[in-house]
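Going down the list, the sequences are from chains Z and Y. For the first sequence, numbering that gives the first Met the number 0 begins at 0 and goes up steadily by one. For the second sequence, numbering that gives the first Met the number 0 begins at 0 and goes up steadily by one. One structure is given here, and the rest of the page talks about it.
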Amino acid sequence: MNIRLARVDDLMGMQACNLQNLPENYTLKYYLYHALTWPQLSYVAEEDGKIVGYILAKMEEDVQEGDEPHGHVTSISVLRSYRRLGLAKRLMIQSQEAMATVYKAAYVSLHVRKSNRAALGLYRDTLGFTVKDIEKGYYADGEDAYAMRLSLKDLAR
Amino acid sequence: MDRQIRPIYEALDTGSNKSALLACNKVLKKQPNNTLVKALKALALVRSQKVEEALLLCDEVLASKPADDPTLTAMMHVLRGLGRHTDMVNMYEDAYKQQPGNEELGTQTFFANVRIGNWKAAQQIATKMHKQFQDDHYLYWSVMSALLQAHDPTTPEALRTVLLKLAHRLVSSSATPSYYNADRFHLHVTVLRELGLYDEAYEMVESDTGKIVCSTNLSCEELRREIWSLKGLTKEAGEFAEKRILDAQDRNWLEFLTVVDAAFADLTSDAEDADAAKTAASGRILKTRELFGKVAEADGVKDRSGHLALLELEKRARQHGLATDSTALHSLLDSYFQSFGGKACCYEDLRPYIEFEGEDLAQWNAVLEKQTATFTSVPDLWRYINAQKLLRFNLTSSELTPEAESQRAARYLDGYLEGLRLGKDLPSYDLQPADDLAILSAQAFVNSWKQSGDESFLYNAAALLEYAIARSKMSYQIRLHLVRIYRLLGAASLALEHYRSINVKQVQNDTLSHFILSRASTFSLSSIGDLTYTTECLESSRIYLSNSEETAEFIVRAFGNEKYSQIPDFIVFEDRLDNSLQRDLIKMEHVRMRIAHEPINSELVDMELIELKFIFDRIHHDNRDFEILANYQPRNVSTFNQQTQFLEKTPGLGWLWVFLKIYIKAFQLASDLDDTVEDKLLIGDRPKPSFDPEIKLPLNERLASRKQSEIDELTPDESHFYDYASALSEWLTPYHDYVRPPASAVLAEAAKLTEQKTGHSLRCVDIPPEAATNGHAKKDEEPPAVVEPPASIVQYFDDMSKRFKGLLEGNGLPHELLHVVTITQEAFLLFIIETTRFKSPSVVKVNKLGALAQHIKDIRTKATAILSEVSAALVSYAERESTAERRKEVVEACRPIIHESGLDHDFVLNVAKKITESRKHLIDGVGKGMVRVTKTHA
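Laid out in structure tokens, this is it:
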């Protein structure tokens, strides 16, 4: 298993992960924008040349007054057969480190489906995120999302 | 002035093109020469699809050589909308020449060249801008452009080194060192690497500043590793990786591979003393084994890397004859299976290490057979699934009889049903942990079908997968399996339903649409006006438009932000999508469906001719993903993907080339456009000229060439069709060439049409007065003598009728039957395309081709009779599909999988109903469509 920076043409290889885990419809432009704007924040996990997981992340662009610069996980996905191997954690940590060191992010935020207990467990118990808020009807199908965040103060160099 | 122009911009911004046009016309009434307003009007016209009028205004504005920013910006959008990128470059170059001190204009000129990949001009502009404005980033723009020109496929080999040297000279001349910016540093090291200056590159990445850059930028770090490997520093890299593994707890597999490579480094370099090298390697292997052992022990089941590295080391030691303990591999495998058998990836992890035979195999299988189908937890279930997959992988041909396979399938299915209990509380979007047992069962059934030819096994597979998909709605894997099986069974609407439920998005349309659109014309009902599949082609192709609109802009932005390390990636990505093989395979299917549905007139023929000729000049990339389809078939039979291919042939580049040749030739004959006319009527840029010597050959030579490698991709019936098509066009070419009106007359006609449509004459076309007369001009030479049609044309329809009857009697699978009938219909349509010119009695009379017309009529009559016959047979075949007996037969075939409850008789009956109804609908439609096609072209 290798974790490496995501490249633009990984888009073609990321399809299996997306088929399985990505109900939201991100446009081509959106991916390209991530790749160009924050090239250090997105990673893929590769196994025998096959992409089995990835994290797509960005820096928040309009930081509210009084808020600090922070990162946001747009999407994280691990192929089903490669779950429970600590892969999501490794992807997340890579991205968080880059957020803190390259962009001086104070914290990282993400959204998770209320019903997705497995993901919730990962973020809260394994990675130390806390629930900040509930966003009503965040997903296209109407489901609520938990808004979670994790401080990156310890990682800043 | 502003007061008048603002409403125009507002209307354009909100997409109300009509009011924008009105506002423009109002201003132009008072100021007929206002170029900005003219440009804005052109934009509104382009956006309302009024291309001819837009072209006229566009040319007027371009002729005035605009240099002000608002007009240039408006024109940029107009030209982009028209696909006239070359004109955009010229426009900016002219403007920049008028104001050489305008930095923004220089930048835009540079970007315009970047958009069309014109690296040579881009490089020159950047160099000029660097001299003039003294900003370093222009220098790096020119370095990057030189590098890209060196990589461009159209650049001659000899020029490449020159360009790289130029890039090197430029980058060395920079006033500020490249390490000030990681991307500039990356570019600098890349240039050195390309030139093979590894020592210099090594010095750069290993300098104090270089180390800092690499430690904070992963792209540079990747480049550093590459330089190490290019310098042959295998052992040093191994030591470095060892430190990463131990000190930084790095568990990237590449680090482990680097250490393994280092262990065998003495053997691969040309060692003078082979024995000494072996001794040295043995020592290193021992040390490496210790290292990995320590890692594996410390990590336990938390990480697989150390454990897998031990396996990899042992495998390579065996390959080099340096394995010391013959039981080592077995105990490693055993322990791996004990530690990770409960993880879903265990099968993929171990597959590279288990190609055993004889005693070795027996010993390994004994470990696996201990896993029984009694499981109380998900990891238990997975351990069982992994054992089944691993056992299956090594099955030998004597163990793979249809009977043995269907027994195995039934056993997998029992395991699946048992395993469902463990996932009964999962949310609806989650997948059942037992799914892979259903897939194993389906694959075993498919293998039984493949060995025996008995289609009842396919019904079993379909029914059990339908049961599984209802319990794992999001399983794309199960749906892809169903798509494949339903296509074989001719249940096209069900296949499409499952494909659409996968909810394919964005780039997936390129990588995955082959599942449903490969040879889709076989399953299309366009002939009776059902455009479901035709629409699917168009929907899937949208991604290519967003790519050409969007990706080039990102390349421009990457230059703007100095993200040099990413530019080549964006270019590769754009190219792979733009020249995607799947894109043009879809296009070809779309054409095949279109001709069965639309009237065959010059509009269709001319447009498709131009488009197919463009495609014929492309260099294609195959982005199709076949790997995504899981394969659990034993290693000595074909993969599941191969087994379920349409007639065992996947269309590739060769297939595309053959069909392009067939259709370009047919449309060429039918069309009045020759190259000179086409040039004049074409809007927008042509594709970049290809560098492939074969593509540079004259078109007619290319159309005539027949290659075995291409024919090998065809089914026998397609190959037969190809022969027929070649004979047909060869026979008719002389008559078309004689009758086709001269270029000047064609242009005159086009001009007349344009004038009727827009009230303006056609741009840049001078019509000689004598060409403007209507009617059929008298020819100086005599018409070619009419010869008998070659026997192969006449015979073709008889042959296909026999083929069809043979399949009908021999119980061919529905997709085989459909293949034969749709291709026969296609042959008829091709005949119509190539003979429409001779349908007009006046054309026949003036050109004295009465004898030809008679031959054509005879063939058409015969083909029509045969198509009607086939049609009637299909309609009655379809009727039989919808009977209760037929449903009962299917249910009866599924006896092996019918259970007391759940997957019971009623469930299977329901599936049988869906399959037979879907098949009835398709076959009935295809049958009726054939008659309709013959009537349309009677």
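Glycine included, each C-beta is placed from N, C-alpha and C at the ideal position.
Of all the residues that make up the stretch 525 to 550 of chain Y, which are near chain Z by a beta-carbon distance shorter than 8 Å? Ile542, Ser545, Asn546, Glu549, Thr550
Counting only C-beta atoms, is Z/Met11 closer than 8 Å to chain Y at any point? yes
Where Y/Arg159 falls: helix, strand or coil (DSSP): helix
Just list the residues that DSSP pairs Z/Glu134 with in beta bridges. Z/Ala144
I want to see whether chain Z comes within less than 8 Å of Y/Ile501, judged by CB atoms only; does it? yes
Listing by chain order, which chain Z residues have their CB less than 8 Å from the CB of Y/Gln644? Near Y/Gln644 there are no residues of chain Z at all, since even the closest Cβ is about 20 Å away, more than 8 Å.
Note the first and the last residue of the continuous alpha helix (DSSP H) segment covering Y/Ala467. 455 to 470
Report the three-state DSSP secondary structure of Z/Leu149 (helix, strand or coil). strand
Label Y/Gly774 either buried or exposed according to how many other C-beta atoms from any shown protein chain fall within 10 Å of its C-beta, with 16 as the threshold for buried. For Y/Gly774, the predicted model reports a pLDDT of 49, less than 50, meaning its position is unreliable and no value from the coordinates is stated.
Quick one: does Y/Trp252 have its CB under 8 Å from some CB of chain Z? yes
Buried or exposed by the 16-neighbour rule on C-beta atoms within 10 Å, applied to Y/Ala790: exposed
Output yes or no for whether 8 Å exceeds the beta carbon distance between Y/Gln565 and Z/Leu35. yes
DSSP state of Y/Leu817, grouped into three classes? helix
Is the Cβ-Cβ distance between Y/Lys919 and Y/Ser881 less than 8 Å? yes
Taking the alpha-carbon positions, what's the Y/Thr823 to Y/Met799 distance? 7 Å
Got a sec: is the Cβ-Cβ distance from Z/Ser108 to anything in chain Y below 8 Å? no
If we define contact as Cβ-Cβ less than 8 Å, is Z/Ser150 a contact residue for chain Y? no
Grab me the residues of Y/Ala862's own chain with a C-beta within less than 6 Å of its C-beta, minus the 5 sequence neighbours each way, in chain order. Phe796, Phe827
Anything in the stretch 215 to 245 of chain Y with a Cβ closer than 8 Å to a Cβ of chain Z? List those residues in chain order, please. Thr215, Asn216, Leu217, Ser218, Glu221
Using a beta-carbon distance below 8 Å, is Y/Cys23 in contact with chain Z? no
Beta carbons nearer than 7 Å to chain Z: which residues of the stretch 417 to 431 of chain Y have them? Pro426, Leu430
Within chain Y, partners of Z/Gln39 - CB distance below 8 Å: Asn216, Leu217
If you draw a straight line from the C-alpha of Y/Phe572 to the C-alpha of Y/His84, how long is it? 20 Å
Contact defined as beta carbons within less than 8 Å: I believe Y/Thr287 pairs with Y/Val259. What is the distance between those atoms, to the nearest angstrom? 7 Å
Does the separation of the CB atoms of Y/Ala181 and Y/Val204 fall below 8 Å? no
Does the distance from the CB of Y/Leu463 to the CB of Y/Ile896 come in under 8 Å? yes
Assuming Y/Asp621 contacts Y/Leu576 under a Cβ cut-off of 8 Å, what Cβ separation, rounded to an integer in Å, is found between them? Going by Cβ atoms, the distance from Y/Asp621 to Y/Leu576 rounds to 12 Å, so no, they are not a contact pair.
How would you call Y/Gly683, buried or exposed, if buried means at least 16 neighbouring beta carbons within 10 angstroms? exposed
According to DSSP, what are the bridge partners of Z/Gly52? Z/Ala44, Z/Val77
Closest Cβ-Cβ distance between Z/Arg123 and chain Y: below 8 Å? no
Does the contact criterion of 3 or more C-beta pairs under 8 Å hold for the stretch 922 to 930 of chain Y versus the stretch 435 to 450 of chain Y? no
Grab me the residues of Y/Ala111's own chain with a C-beta within less than 6 Å of its C-beta, minus the 5 sequence neighbours each way, in chain order. Met87, Val88, Tyr91
Skipping 5 residues on each side, what residues in its chain have a beta carbon closer than 8 Å to that of Y/Val932? Ser526, Ala595, Gln824, Phe827, Leu828, Leu866
Do the stretch 36 to 48 of chain Z and the stretch 81 to 96 of chain Z meet, that is, are 3 or more Cβ pairs less than 8 Å apart? yes
Just reading off the beta strand (DSSP E) that Z/Val111 is part of, what are its end residues? 106 to 112
Let me check understanding here. Comparing Cα to Cα, which of Y/Val506, Y/His818, Y/Gly811 lies closest to Z/Tyr25? Y/Val506
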